[in-house]
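Heads up, my numbering is the position in the sequence shown plus 163, with the first residue counted as 1. Even for Gly, the Cβ is constructed at its ideal location relative to N, Cα and C.
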Amino acid sequence: MFGTLASGELETARLRRDLGFSCGGIRMEGENMVPQGGDGEGEQVNETVPFQIQQHPFEQTQKLVVGYALTPKKKKSFLQPKLEVLARRKGICFVPIDLNRPLSEQGPFDIVLHKLLGKEWQDVIEDYQKKHQEVTVLDPPGAIQRIHNRQSMLQGLADLNLSDCSGSIFVPKQMVVLKDSASSADRAIEAGLKFPLLAKPLWIDGTAKSHQLFLAYDRRSLAELDPPLVLQEFVNHGGVMFKVFVVGDTIKVVRRFSLPNISNCEKAKVDGVFQFPRVSSAAASVDNADLDPSVAELPPKPFLEALAKELRILLGLRLFNIDMIREHGSKNVFYVIDINYFPGYAKMPDYEQVFVDFFHDMAQAKQKKRHCK
């Protein structure tokens, strides 16, 4: 669906007069197209400066329309001014999807970017995907649904082929409790799980509650928890977590503070259940902390590249992040403890440029595919 941008003196005059441009017949003005500040590279952007497309042949002749369906919170965090400025320079524009109108009547779109929950939206996007196979949907609802369930989220990870890499991946022992958490202690012990156990809600539904984290030290404490939930064996990891962000073929890693190690002495003396805040927030960055290098050293790049590649295939997703820990006392033994779809990318370094390059590469791939037909 890539349209051709008009050229000539009249169009140049119009572009100099109006900030913004037309996307598929939709006049783009207002919040999605007006820059709010500099682009982070020293250039000051003013609302009276004309929008200009130059530098690359693709940028001169093509435009890419990304329709988005995001919650207000996700829209605010993701569609930052710098992202929109960099995107416009590449001929990329973002168009909001009206949830009160049939999706097939909107657009046309090259890409549909979405993160909404609910069966109704899943049916809408799946129907749209069948009828508009020329449009790239990021990502398939069925694949996303898999990692909204912590039981299915980590299935298959232990079987990934990473034998030739400088690291090994594991999943903590875990079990699902659907009801009667009081009797789950016996089943946990039968399954070989050892206390203390991390308890997390089974379903990730976008609410703060779905990210609650509890640590249960003994059998009795499990009765205090509300199912459905997942019980996961705690692995000592030096209090550091690695958040591996994946955008297509691009990988970025950041370190975050996590739960501290638990000694055998503490296990013997402490009982009960304790709730913890969400440990992987940006405020928990360890970048400036003085930590033992054996704990804080980033996982090997070849290992992360192989892991991300295998997960893209296994999950059928292109936009996700992995929460990963290194087993304390080991060099390259890692555990994946969570996977999140379309996470808070604003916490990822240079996310704006990464996404612009990602969309731009998708556009070029589509062009090459068309020319080969």
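Closest by C-alpha distance to residue i, when choosing among the options
i	options	result
Lys510	Gln243, Leu227, Gly230	Gln243
His295	Phe272, Ser326, Tyr380, Gly305	Phe272
Gly369	His311, Phe522, Cys256, Asp455	His311
Leu320	Glu473, Ser346, Gly281	Glu473
Leu323	Gly492, Ile367, Glu468, Gly254	Glu468
Leu385	Leu341, Leu262, Glu247, Ala459	Leu341
Ser309	Asp290, Gln285, Gln530, Val519	The question names Ser, but residue 309 is Arg in the sequence shown. Closest by alpha carbon: Gln285.
Asp382	Arg264, Val519, Gln527, Asp343	One point to set straight first is that residue 382 is Arg, not Asp, in the sequence displayed. Minimum Cα distance to Arg382 is reached at Asp343.
Ala306	Leu280, Asp349, Leu325, Glu297	Leu280
Asp455	Leu246, Gly492, Tyr291	Gly492
Leu262	Lys245, Leu246, Arg533, Glu283	Glu283
Lys464	Asn427, Glu247, Leu325	Leu325
Pro440	Phe257, Pro390, Ser373	Ser373
Leu461	Asn484, Cys428, Arg419, Arg475	Arg419
Arg264	Lys238, Ile288, Asn427	Ile288
Glu247	Ile367, Ala528, Phe257	Phe257
Three-state secondary structure assigned by DSSP to residue i
i	result
Met338	strand
Gln395	strand
Ala379	strand
Lys245	helix
Asn525	One detail in the question is off: residue 525 reads as Met in this sequence, not Asn. Three-state result, Met525: helix.
Ser331	strand
Cys535	helix
Met404	strand
Met316	helix
His374	helix
Arg264	coil
Val298	coil
Gly230	strand
Ile310	coil
Leu388	coil
Phe214	Only weak support is given to the placement of Phe214: the predicted model assigns it a pLDDT of 35, under 50, and the question is left unresolved by the model.
Glu466	Note that residue 466 is Phe in the sequence shown here, rather than Glu. If DSSP states are grouped into helix, strand and coil, Phe466 belongs with the helices.
Phe358	coil
Gln516	helix
Leu482	strand
Leu280	coil
Pro198	With a pLDDT of 30 at Pro198, under the threshold of 50, the modelled position of that residue is not reliable, and the figure given next carries that caveat. Here Pro198 sits in coil by DSSP.
Gln530	helix
Asn503	strand
Gln292	helix
Gln269	coil
Ile274	strand
Ile367	coil
Pro423	coil
Pro235	helix
Pro303	coil
Pro456	helix
Val208	Bear in mind that the predicted position of Val208 carries a pLDDT of just 31, short of 50, making it too unreliable to give a figure here.
Lys415	strand
Cβ-based neighbour list, residue i, same chain, cut-off 8 Å, excluding 5 preceding and 5 following
i	result
Ile260	Gly230, Tyr231, Ala232, Leu266, Gln269, Val275, His277
Lys494	Ser457
Pro512	Lys415, Val417
Phe522	Leu227, Val229, Ala250, Lys253, Ile255, Ile274
Tyr291	Leu266, Ser267, Val275, Val298, Val300
Asp524	Gly411
Ile425	Pro359, Phe397, Asn399
Lys237	Lys278, Phe505
Pair within 7 Å by beta-carbon distance, residue i and residue j
i	j	result
Ser329	Val496	no
Phe505	Leu482	yes
Pro364	Leu392	yes
Ile502	Met316	yes
Glu515	Leu227	no
7 Å CB neighbourhood of residue i in its chain, flanking five on each side removed
i	result
Val398	Pro335, Ile488, Glu490, Tyr498
Residues near residue i by beta carbon distance below 6 Å, same chain, minus five either side
i	result
Asp412	none
Tyr471	Looking at the sequence provided, one finds Ala at residue 471 rather than Tyr. Once the five neighbours on either side are set aside, the close Cβ partners of Ala471 are Val409, Ile414.
Gln314	Val339
Val517	Val410, Thr413
Phe466	Cys328, Ser329, Gly330
Contact belief for residue i with residue j at Cβ below 8 Å, rounded distance in angstroms
i	j	result
Ala379	Ala354	About 15 Å; that fails the 8 Å criterion.
Gly479	Pro304	The pair is not a contact, with the Cβ atoms about 11 Å apart (cut-off 8 Å).
Phe241	Tyr508	6 Å
Phe358	Lys430	7 Å
Glu396	Leu356	5 Å
Lys406	Asp486	6 Å
Val433	Phe377	In fact, because the Cβ distance is near 14 Å, the residues do not count as touching under 8 Å.
Leu360	Ala371	About 22 Å separates the two Cβ atoms, so there is no contact after all.
Leu394	Ser347	7 Å
Gln337	Gln438	The pair is not a contact, with the Cβ atoms about 19 Å apart (cut-off 8 Å).
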